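A short write-up of the structure that comes next.
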Amino acid sequence: MTTTLLRTADELHARVREGRRAVVMTMGALHEGHATLIRTAREIAGPEGEVVVTVFVNPLQFGQGEDLDRYPRTLDADLKIAEEAGADAVFAPSVDEVYPGGEPQVRISAGPMGERLEGSSRPGHFDGMLTVVAKLLHLTRPDVALYGQKDAQQLALIRRMVRDLNFGVEIVGVPTVREEDGLALSSRNRYLSPQERRTALALSQALFAGRDRHAAQEALRARAREVPATHARAEALSAIGESRAAADAHAVAKAIPGAPSAVRAAARLVLDDAARLSPPLELDYLALVDPSDFTEVEDDFTGEAVLAVAARVGTTRLIDNLPLTFGNLGAAS
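The number in the numbering used here is simply the position in the sequence shown, starting from 1, with 71 added.
Right under this line is the structure:
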C-alpha cells in the first residue's frame with residue numbers, strides 16, 4: 072500500500088469513499104504510540120474502509136513560552152511510519168489551509184473542565200485543542216476518530232465536545248504505549264538527556280506505585296466481602312486461626328474507603344524522592360480524578376478514575392496517567 076500525501080481539504084474530499092473512514096489526529100513526529108493508533112484504526116476501518124492520519128502542528132495549542140518553534144517537524148519520516156502502520160492517506164495541511172482567515176475569532180470553549188490540571192498549567196490550551204479538533208473533524212468527515220489515552224484530559228474533553236455539540240462521529244480511546252523502561256511514548260522524550268530520562272522515569276514509577284497500592288487495597292476489600300462479619304463465623308474461623316485475618320479485612324474495608332488517599336500517597340512518595348535527584352523532577356500536579364469532569368475523587372468514591380501526573384525535567388514537560396477502578400460495583404458492600 073502506498074500512502075497518499077494530501078495538502079488541502081479539496082484533495083481529501085475528492086477521494087472516493089468506500090466503507091468507514093477512521094481518522095488519527097497527530098501533530099507529527101510520529102512514534103510507536105501513533106503507529107498503534109493507526110493500526111487500531113486500520114482494524115476498525117477494515118479492508119474496505121479508509122484510514123486518514125492528520126499531521127498538523129496547531130499554533131492555538133501552544134501558550135507563551137511553550138515549544139511551538141522547536142516542536143519537531145518530520146513529515147518524510149511520518150509518511151513512512153503511517154504507511155507501514157496501514158494508513159491510506161496523510162492529510163498535512165498548512166496553517167493557512169486550516170485557518171484561512173488567520174486566527175479564528177470564534178473558538179470552542181473547553182469550559183470549567185478545561186481549566187483544571189493541564190488547563191490550569193496551560194491556560195487556553197484546551198480551547199485551542201478543541202477548536203482544531205472540531206475543524207479537523209469537519210475537514211476529514213470521519214466515521215470514527217481515535218486518540219491516545221496518554222492525553223486523558225484531552226480525550227475526555229473531545230468526548231464531551233462530541234456529545235455536547237452533537238458531532239456525528241464515534242470517539243475511540245487507545246491505551247498508552249510505553250517504552251521498555253515504562254516511560255510513556257511521547258514526541259518530547261527526544262529532548263531528554265540520559266540523566267534527565269532517568270529522572271523522568273519517576274512519572275511512570277509513581278503511577279505504578281499508586282496502582283500497586285490500589286490493587287492491594289481492592290484485594291482487601293474482596294477478602295472482606297468473602298468473610299461475613301458475624302459472631303458465629305468469627306468463632307468458627309478462630310478454630311483455624313483466621314479470626315484475626317477476618318477482623319483485619321473487615322476493618323480495612325470499613326476504614327478505607329480512604330483508598331484514593333492511599334493511592335495518592337503511594338505515588339507522591341516516588342515523586343518526592345525524584346525531586347531530590349540530579350537533575351530534579353519538578354512536579355506540576357499529581358491528581359486522582361473522575362474522568363467525566365476531572366475533579367478530584369473523594370475517599371468514598373467508587374467507579375472509574377484516572378491517576379494523572381505532570382512534571383518538568385530540565386526544560387521538558389511530561390504527562391502520564393493510569394486508569395483505575397475503585398470498588399466492585401456489582402458486589403454488596
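Just so it is clear, CB atoms sit at the ideal spot from N, CA and C, and this is done for glycine as well.
Fair warning: this is a prediction, and the values are worked out from it, not measured in the lab.
Run of the alpha helix (DSSP H) containing residue i, from where it starts to where it stops
i: P265; result: P265 to E297
i: E103; result: E103 to A116
i: F197; result: H196 to T211
i: R234; result: A223 to D235
i: D149; result: L146 to A156
Any C-beta of chain B under 9 Å from that of residue i
i: D344; result: Among the chains in the structure shown there is no chain B, since it carries only a single protein chain.
DSSP three-state assignment for residue i, whether helix, strand or coil
i: E189; result: helix
i: N392; result: strand
i: Y170; result: coil
i: D343; result: helix
i: D355; result: strand
i: L217; result: strand
In DSSP terms, what residue i is bridged to
i: V126; result: T97
i: T74; result: Paired residues: none, contrary to the question.
i: D361; result: T366
i: R141; result: Bridge partners of R141: none, in fact.
For residue j and residue i, the rounded distance between their alpha carbons
i: A255; j: V204; result: 23 Å
i: E260; j: I115; result: According to the sequence provided, residue 260 is Asn. The question's Glu does not apply to it. Rounded to the nearest angstrom, the two C-alpha atoms are 29 Å apart.
i: R212; j: S258; result: 26 Å
i: A379; j: Q225; result: 12 Å
i: D147; j: V169; result: 21 Å
i: G239; j: L357; result: 34 Å
i: E289; j: T270; result: 30 Å
i: L150; j: G157; result: 11 Å
i: D81; j: A160; result: 14 Å
i: K221; j: D355; result: 16 Å
Opening and closing residue of the beta strand (DSSP E) in which residue i lies
i: E241; result: E241 to V245
i: E375; result: G374 to V384
Identity of the residue in the options nearest residue i by Cα
i: T202; options: R187, D214, L236 and A223; result: L236
i: P350; options: D361, T386 and A376; result: T386
i: H285; options: Q176, V166, D370 and V126; result: D370
i: E155; options: I109, G90, F279 and L389; result: I109
i: T73; options: I152, P331 and R339; result: I152
Near the ligand PLP: residue i beta-carbon under 8 Å from a heavy atom
i: V384; result: The ligand PLP is not part of this structure, which contains no ligands at all.
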